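Here is the structure we will look at.
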Amino acid sequence: MSLKVFNTFTRTKEPFETLEPGKVRMYVCGVTVYDRCHIGHARAYVAFDVILRYLRWRGYDVTYVRNFTDVDDKIIRRSNEAGVPVTELTDTFIAAFHEDMAALGVGRADVEPRVTEHMPEIISMVQTIIDRGHGYEASGDVYFDISSFPGYLKLSGRKLDDMQAGASERVDPQEPQKRHPMDFALWKAAKPGEPAWDSPWGPGRPGWHIECSAMSSKYLGEVFDMHGGGMDLIFPHHENERAQSWAATGKEFVRTWVHNGFVNVDSEKMSKSLGNFFAIRDVIARFHPESLRYFLLTTHYRSPINFTDSAVGEAENRVEYLYETIQTACDYLARTPAQADEPEVEAARERFVLTMDDDFNTAAALALVADTSRRLNDVLMMKGKAPDKAVGVATALRILQNLGAVLGLCGQEPAVILAGIRDCKLLRNGLDRGLIETLVADRVAARVAKDFVRADVLRGELSGMGVVLMDGPEGTRWKIA
RNA sequence: GGCGCCAUAGCCAAGUGGUAAGGCAGAGGUCUGCAAAACCUCCACCGUCGGUCCGACUCCGACUGGCGCCUCCA
Numbered sequence: 114m115s116l117k118v119f120n121t122f123t124r125t126k127e128p129f130e131t132l133e134p135g136k137v138r139m140y141v142c143g144v145t146v147y148d149r150c151h152i153g154h155a156r157a158y159v160a161f162d163v164i165l166r167y168l169r170w171r172g173y174d175v176t177y178v179r180n181f182t183d184v185d186d187k188i189i190r191r192s193n194e195a196g197v198p199v200t201e202l203t204d205t206f207i208a209a210f211h212e213d214m215a216a217l218g219v220g221r222a223d224v225e226p227r228v229t230e231h232m233p234e235i236i237s238m239v240q241t242i243i244d245r246g247h248g249y250e251a252s253g254d255v256y257f258d259i260s261s262f263p264g265y266l267k268l269s270g271r272k273l274d275d276m277q278a279g280a281s282e283r284v285d286p287q288e289p290q291k292r293h294p295m296d297f298a299l300w301k302a303a304k305p306g307e308p309a310w311d312s313p314w315g316p317g318r319p320g321w322h323i324e325c326s327a328m329s330s331k332y333l334g335e336v337f338d339m340h341g342g343g344m345d346l347i348f349p350h351h352e353n354e355r356a357q358s359w360a361a362t363g364k365e366f367v368r369t370w371v372h373n374g375f376v377n378v379d380s381e382k383m384s385k386s387l388g389n390f391f392a393i394r395d396v397i398a399r400f401h402p403e404s405l406r407y408f409l410l411t412t413h414y415r416s417p418i419n420f421t422d423s424a425v426g427e428a429e430n431r432v433e434y435l436y437e438t439i440q441t442a443c444d445y446l447a448r449t450p451a452q453a454d455e456p457e458v459e460a461a462r463e464r465f466v467l468t469m470d471d472d473f474n475t476a477a478a479l480a481l482v483a484d485t486s487r488r489l490n491d492v493l494m495m496k497g498k499a500p501d502k503a504v505g506v507a508t509a510l511r512i513l514q515n516l517g518a519v520l521g522l523c524g525q526e527p528a529v530i531l532a533g534i535r536d537c538k539l540l541r542n543g544l545d546r547g548l549i550e551t552l553v554a555d556r557v558a559a560r561v562a563k564d565f566v567r568a569d570v571l572r573g574e575l576s577g578m579g580v581v582l583m584d585g586p587e588g589t590r591w592k593i594a
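All you need for my numbering is the position in the first sequence, starting with 1, plus 113.
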């Protein structure tokens, strides 16, 4: 039984072997903080959150680093447009990032380094790269000399000739001081009015890629176990990081490269440049955050996932079902306490490990969640005082909560989540809760009076609004279909 | 143009060289004043064409159809 992870570098699923037994050092590229996060970010950070949770649950001691890029062309432009200082802008969006992630159940990393707070490390690494003959200064800029690294493009699997052929058609040489068109900036000389830091090459700021090389090595060492991010970062970002780190240390700095697939909208890539993106906060205003999280886990992390309202709505119905099940089980156990059957819990754990060990297969893991919750309801339906019932409920509930803890699902207070989902559905359907509750109360009164004709009329009326009624021994509950 | 990914039931989505998880929808049941919820049962031979193999949906090749990267991007 061993964990297998798809490594972008080798393009194969391989046994995950850590540098140091039992310890994982992982780095995931964070966001550039100039705007609100979209659901593509949600996908990436939920995916790595599950990977992190699973590794820890499986017993690894994990150090997780996820950075913030807080100096960059887009940030500067946005800052100028808005007339807001850069630091104020970046602080705002870092706070927004944390809010969005917290809503999605994505925790903080152990270290969340900001580029602007690591200038000495960055400058030092650039200098080392120059000293070792892999970078050169040209009028205040510093470039990486790709011809000095034989392994360049090995991560992304491209060929230099092809890259040039493709690029030359639309990219005109704006940086004539570069020795090779593909050379990339390690350090950019400051233009007037731009944020700048002093350096041996004059005032300037870091190129995009160097920050991750510098900060990852600071917190995780020159070589570490896992480096992740979205597929779009493979080239050029990660390719260049790899080149820089190699140039600075002579070592292959990442053991396993992990990349998540995109979120598509209408089967096309969602991106800022296409303008078809959805901000996380806009989505979770309409759908419960856990619904979005569930939705993101229904597809394997490396495959593209297509975002649609109906798909998230379906996920929401599943989340609702799970919490209703949990609530019923908790209510039952409150009346009839029982201990879970440990061997069965352990057997479920093994099935889960088998599933998740296969490159973090959350989609398959959700099938285990479905099986468990179905069984839990099945046991809950058992009549009378079947001796095994309480144990069965306790066992299935434990299993469900165990799986949920790793996936980041099923961990909230059921009543709170269910109310939240109901409110989302009311909002989406433009329904008024007060009106519904009045009608429901009227119908309850009619039922008590055995006026079933009137009760059915009211049921029909509510049904037309999308309200589903559930008459039970403890009264009538309702929810939105 | 270069590189790469994907193609599984009405929809979404796992997966294995030896006759295909799960979810939604649908059909039939149990339950219910009627319902709903819940549970039970049923519901696919895996894009096309070749090849390898005792045997392929799973391996190889071709084709067709989607998509992505090569430019900031999770």
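Every residue gets a Cβ at the ideal spot worked out from N, C-alpha and C, and that includes glycine.
All figures in this text were calculated on a predicted structure; none of them were measured in a lab.
| Considering only C-alpha positions, which residue in the set 182, 181 and 202 is nearest to residue 58? | In the structure as shown, the chain begins at 114 and stops at 594. Residue 58 is therefore absent and cannot be evaluated.
| task | Indicate the three-state DSSP secondary structure (helix, strand or coil) for residue 120 in the structure shown. | result | Sequence index remark: in the first sequence, residue 120 carries index 7 (1-based). Strand, per DSSP.
| request: Could you check what DSSP says for residue 170 in three-state terms: helix, strand or coil? | output: In the first sequence, residue 170 corresponds to position 57, counting from 1. In this structure, DSSP gives residue 170 a helical state, which the three-state scheme calls helix.
| request: In angstroms with no decimal places, state the Cα-to-Cα distance between residue 233 and residue 473. | output: Residue numbering aside, residue 233 sits at position 120 when the first sequence is read from its first letter. Residue numbering aside, residue 473 sits at position 360 when the first sequence is read from its first letter. For residue 233 and residue 473, the distance between alpha carbons rounds to 37 Å.
| query | Is residue 494 buried or exposed, if buried means 16 or more other CB atoms sit within 10 Å of its CB? | reply | One-based indexing of the first sequence puts residue 494 at position 381. Label assigned to residue 494: exposed.
| Cα-Cα separation between residue 520 and residue 475, rounded to whole angstroms | Reading the first sequence from its first residue, position 407 is the one you call residue 520. Reading the first sequence from its first residue, position 362 is the one you call residue 475. So the two alpha carbons sit approximately 8 Å from each other.
| query | Do you know whose CA, among 451, 515, 384 and 225, lies nearest residue 459's CA? | reply | Taking the first sequence and counting its residues from 1, the one referred to as residue 459 is at position 346. Residue 515 holds the alpha-carbon nearest to the alpha-carbon of residue 459 among 451, 515, 384 and 225.
| Counting pairs of beta carbons, one from the region 529-538 and one from the region 480-489, are three or more of them closer than 8 Å? | Contact fails: fewer than three Cβ-Cβ distances are below 8 Å.
| said: Check this for me: beta carbons of residue 339 and residue 147, under 9 Å apart or not? | reply: On the first sequence, position 226 is the one that residue 339 refers to. On the first sequence, position 34 is the one that residue 147 refers to. It is not a contact, given that the beta carbons lie outside the stated cut-off.
| query | Looking at C-alpha atoms only, which residue of 569, 442 and 177 is the closest neighbour of residue 557? | reply | For this step, residue 557 is matched to residue 444 along the first sequence. Checking every option, the nearest Cα to that of residue 557 belongs to 569.
| said: If contact is defined by three or more beta carbon pairs under 8 Å, each pair taking one atom from either stretch, is the region 389-409 in contact with the region 346-362? | reply: Under the Cβ criterion (8 Å, minimum of three pairs), the region 346-362 does not count as touching the region 389-409.
| Using the rule of at least 16 other Cβ atoms within 10 Å of the residue's Cβ for burial, across every protein chain shown, is residue 511 buried or exposed? | Within the first sequence, residue 511 is the residue found at index 398, counting from 1. Around the beta-carbon of residue 511, 16 or more other beta-carbon atoms lie within 10 Å, marking it buried.
| message | Nearest by alpha-carbon distance to residue 142: which of 136, 157 and 150 is it? | response | To locate residue 142, count along the first sequence from 1; it is residue 29. Comparing Cα-Cα distances from residue 142 to each of 136, 157 and 150, the minimum goes to 157.
| said: Considering just the uninterrupted stretch of the beta strand (DSSP E) at residue 299, what are its terminal residues? | reply: Residue 299 sits at position 186 when you count from the first residue of the first sequence. Counting along the chain, the beta strand (DSSP E) containing residue 299 begins and ends at 297-302.
| field | Simplified DSSP state of residue 281, which is helix, strand or coil | value | Within the first sequence, numbered from 1, the residue matching residue 281 stands at position 168. Model confidence at residue 281 stands at a pLDDT of 44, short of 50, so the residue's coordinates are unreliable; what they give is reported in the following sentence. Correct three-state label for residue 281: coil.
| task | Determine the burial state of residue 508: buried for a count of at least 16 other Cβ atoms within 10 Å of its Cβ, exposed for fewer. | result | On the first sequence, position 395 is the one that residue 508 refers to. Counting the other CB atoms within 10 Å of its CB gives residue 508 a total of 16 or more, which places it among the buried residues.
| query | The beta strand (DSSP E) with residue 128 in it runs from where to where? | reply | Here residue 128 is taken as the residue at index 15 of the first sequence, counted from 1. From DSSP, the beta strand (DSSP E) with residue 128 extends over 125-128.
| said: Which same chain residues end up closer than 8 Å to residue 302 when comparing Cβ atoms and leaving out the 5 residues on each side of it in sequence? | reply: Within the first sequence, the letter at position 189 stands for residue 302. If we look at residue 302 and ignore the five residues flanking it on each side, its Cβ neighbours are 252, 253, 254, 314, 315, 316 and 317.
| Out of 532, 377 and 258, which has the shortest C-alpha to C-alpha gap to residue 434? | To locate residue 434, count along the first sequence from 1; it is residue 321. Distances from the alpha-carbon of residue 434 to those of 532, 377 and 258 put 532 closest.
| query | Taking Cβ positions, are residue 366 and residue 335 nearer each other than 9 Å? | reply | Position 253 of the first sequence holds residue 366. Position 222 of the first sequence holds residue 335. The answer is yes: Cβ separation under 9 Å.
| task | Go through the region 497-564 residue by residue and report every complete run of the alpha helix (DSSP H) that reaches 4 residues or more, in order. | result | Entirely contained in the region 497-564, the alpha helix (DSSP H) runs reaching 4 residues are, in chain order, 502-520, 527-542 and 546-561.
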